[in-house]
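Asks:
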Amino acid sequence: MKFFVDTADVAEIRDLLDSGLVDGVTTNPSLIMKSGRDFFEVIAEICEMVPGPVSAEVAATTVDGMLAEAAKLTPIAPNVTIKVPLTWDGLKATRRLSAEGVKVNVTLCFSAAQALLAAKAGASFISPFVGRLDDIGVDGLELISDICQIYAQYESIRTEVLVASVRTPGHVIEAAKMGAHVATLPPGVLRGLALHPLTDKGLAAFLKDWEATGQKIV
Ligand code: E4P
2 MKFFVDTADV
12 AEIRDLLDSG
22 LVDGVTTNPS
32 LIMKSGRDFF
42 EVIAEICEMV
52 PGPVSAEVAA
62 TTVDGMLAEA
72 AKLTPIAPNV
82 TIKVPLTWDG
92 LKATRRLSAE
102 GVKVNVTLCF
112 SAAQALLAAK
122 AGASFISPFV
132 GRLDDIGVDG
142 LELISDICQI
152 YAQYESIRTE
162 VLVASVRTPG
172 HVIEAAKMGA
182 HVATLPPGVL
192 RGLALHPLTD
202 KGLAAFLKDW
212 EATGQKIV
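The numbering used here applies: residue 2 is where the sequence shown begins, and numbers increase by one.
1. Quick one: what's got a C-beta closer than 6 angstroms to P198's C-beta in the same chain, skipping five residues either side?
2. For the alpha helix (DSSP H) that D230 lies in, which residues bound it at each end?
3. Hey, how far is the Cα of V173 from the Cα of E49?
4. Distance check for V26 and D65, CA to CA, integer angstroms please.
5. Let's see if you can read the secondary structure: which residues bound the beta strand (DSSP E) around F5?
6. Looking at A119: is its Cβ nearer than 8 angstroms to the Cβ of I145?
7. Assuming F41 and I33 make a contact with CB atoms under 8 angstroms, what is their CB distance in whole Å?
8. CB of L32 to nearest heavy atom of the ligand E4P: below 7 angstroms?
9. Mind listing, in chain order, the continuous beta strand (DSSP E) runs of no fewer than 3 residues lying wholly within the segment 4–85?
10. May I ask you to report which of helix, strand or coil DSSP gives E175?
11. Cβ atoms of V23 and V59: under 8 angstroms apart, would you say?
12. Find out if the Cβ-Cβ distance for the pair I77, A113 is shorter than 8 angstroms.
13. Give the C-beta separation of F51 and L18 to the nearest angstrom, bearing in mind that I take them to be a contact with Cβ-Cβ under 8 angstroms.
14. Measuring CA to CA, which of D201, L109, V81, A195 is closest to W89?
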């Protein structure tokens, strides 16, 4: 499973990139607002740091508007992925952009039917929002399972399932068991994947016993 970081915080991205475990970045208008940075500047900076796909979301709601914004965003760097909302206009824009070889991440997906349309439109990524479905009492992971199952039926579908709105390591593990290609994670959730209380307890005990030996490795 590939891991993207869901943030526009350049310091966080730099820190996490150092681990060698980050394959890409996703942003959205809310994350850009939170960064307090100029959209074009921050996307350019992230694209330079990250070798993999970096999602930059359009703000237009019409096909023509989305295409015009995509035309401004794609020259930023070769690894820019255009993020469009899962609306009828978004699907039309996806079709046009993917036909031109532009990578598109279709976002705000909340149903398997929407995911099927995005694949047919040629999306490189579909972003189903797990946490926001859980928030309204619908099992978000069931949607991931449905989409993975549907996409697996058709060899012609190349769209990658990009699990979004991830809130817990449990979301990541369950989605990985279903074969989802990518998870985009808030930095805290990515770091949280490495944690286990028994690891901390075991390490503390080993270090105490090692100190008692009085030895040094270097
Ligand atoms: C996905 O690309 C979105 O940026 C993100 O995962 C949304 O997450 P949220 O529901 O925590 O805002």
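In this text, a Cβ means the ideal position worked out from N, Cα and C, and glycines have one as well.
Replies: If we stick to the structure as given:
1. none
2. Outside the shown range of the chain (2 to 219) lies residue 230, about which nothing can therefore be said.
3. 27 angstroms
4. 26 angstroms
5. 3–7
6. no
7. No, F41 and I33 are not in contact; Cβ-Cβ is about 10 angstroms, not under 8 angstroms.
8. yes
9. 25–27, 55–58
10. helix
11. no
12. no
13. The residue asked about is misnamed: residue 51 is Val in this sequence, not Phe. The Cβ separation is near 7 angstroms, so the contact holds.
14. L109
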